[in-house]
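Colleague:
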Ligand SMILES: [Zn+2]
Ligand SMILES: [Zn+2]
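Residue numbers (our numbering): 29 to 193.
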């Protein structure tokens, strides 16, 4: 059955200060999903906006493979002091038991996890850079520019993940 999960995340600035780095969400993410194709729970699944399929990550027992998941919505709200992302991921889910530990799969994986990516451009170094935030980090996380060490944004709360249907 088709399932949808909503992911929301917020970063606080100042985002438009005198050293503007053009911090922006990249339209890709990794989300933990219970994958009926390889029969494993909590697989890291890589999604890119615009692609009609995703990639379920490999482990020792099963190779990386395409899976039926996509980013259905990717909405960013930028304000002076914060930027908010709301993404919706649609995916096909079917019940199964994990091939390794025999747990029943769930539509939203047990202790769901997400990683989100951002890009920026350093006006001082004149080089671009990337950073990511993910569920399991000790917060608040203060992200700085990899070139000039300028504070780019702060992640106070873990991204929220909830199932829509
Ligand atoms: Zn899989
Ligand atoms: Zn910089």
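Just so you know, even glycine gets a beta-carbon here, dropped at the ideal spot from N, CA and C.
Taking the alpha-carbon positions, what's the residue 89 to residue 47 distance?
Modeller: To locate residue 89, count along the chain shown from 1; it is residue 61. To locate residue 47, count along the chain shown from 1; it is residue 19. One C-alpha to the other measures close to 47 Å.
Colleague: If residue 133 and residue 116 are in contact, beta carbons under 8 Å, what's the gap, nearest whole angstrom?
Modeller: Numbered from its first residue, the chain shown carries residue 133 at position 105. Numbered from its first residue, the chain shown carries residue 116 at position 88. Not really, about 21 Å apart at Cβ, beyond 8 Å.
Colleague: Please list, in chain order, all residues with a C-beta atom less than 6 Å from at least one heavy atom of ligand 2.
Modeller: Listed by chain position, these are 49, 150, 152, 153, 173, 175, 176, 178.
Colleague: What is the residue span of the beta strand (DSSP E) that residue 125 lies within?
Modeller: Taking the first residue of the chain shown as 1, we reach residue 125 at position 97. Per DSSP, residue 125 belongs to no beta strand (DSSP E) and is neither H nor E.
Colleague: Cβ of residue 52 within 7 Å of any heavy atom in ligand 1?
Modeller: Residue numbering aside, residue 52 sits at position 24 when the chain shown is read from its first letter. Answer for residue 52: no, Cβ out of range of ligand 1.
Colleague: Indicate the three-state DSSP secondary structure (helix, strand or coil) for residue 65 in the structure shown.
Modeller: As a first step, residue 65 is located in the chain shown; it is residue number 37 there, counting from the start. In the structure shown, residue 65 sits in coil (DSSP, three-state: anything other than H, G, I, E or B).
Colleague: DSSP has residue 147 in a bridge; who is on the other side?
Modeller: Mapped onto the chain shown, residue 147 falls at position 119. Residue 147 pairs with 52, 158.
Colleague: Rank 145, 64, 82 by C-alpha distance to the C-alpha of residue 54 and give the top, closest one.
Modeller: Here residue 54 refers to the residue found at position 26 of the chain shown. Residue 54 has its Cα closest to that of 145, out of 145, 64, 82.
Colleague: Would you identify the three-state DSSP class for residue 91, choosing helix, strand or coil?
Modeller: As a first step, residue 91 is located in the chain shown; it is residue number 63 there, counting from the start. Reduced to three states, the DSSP call for residue 91 is coil.
Colleague: Would you tell me roughly how many angstroms separate the C-alpha atoms of residue 119 and residue 192, rounded to the nearest one?
Modeller: Locating residue 119 in the chain shown gives position 91, where the first residue counts as 1. Locating residue 192 in the chain shown gives position 164, where the first residue counts as 1. Cα to Cα, residue 119 sits roughly 12 Å from residue 192.
Colleague: With respect to 7 Å, is the separation between the Cβ of residue 95 and the closest non-hydrogen atom of ligand 1 below this value?
Modeller: What you label residue 95 is simply residue 67 of the chain shown in a count that begins at 1. Yes, Cβ of residue 95 sits closer than 7 Å to a heavy atom of ligand 1.
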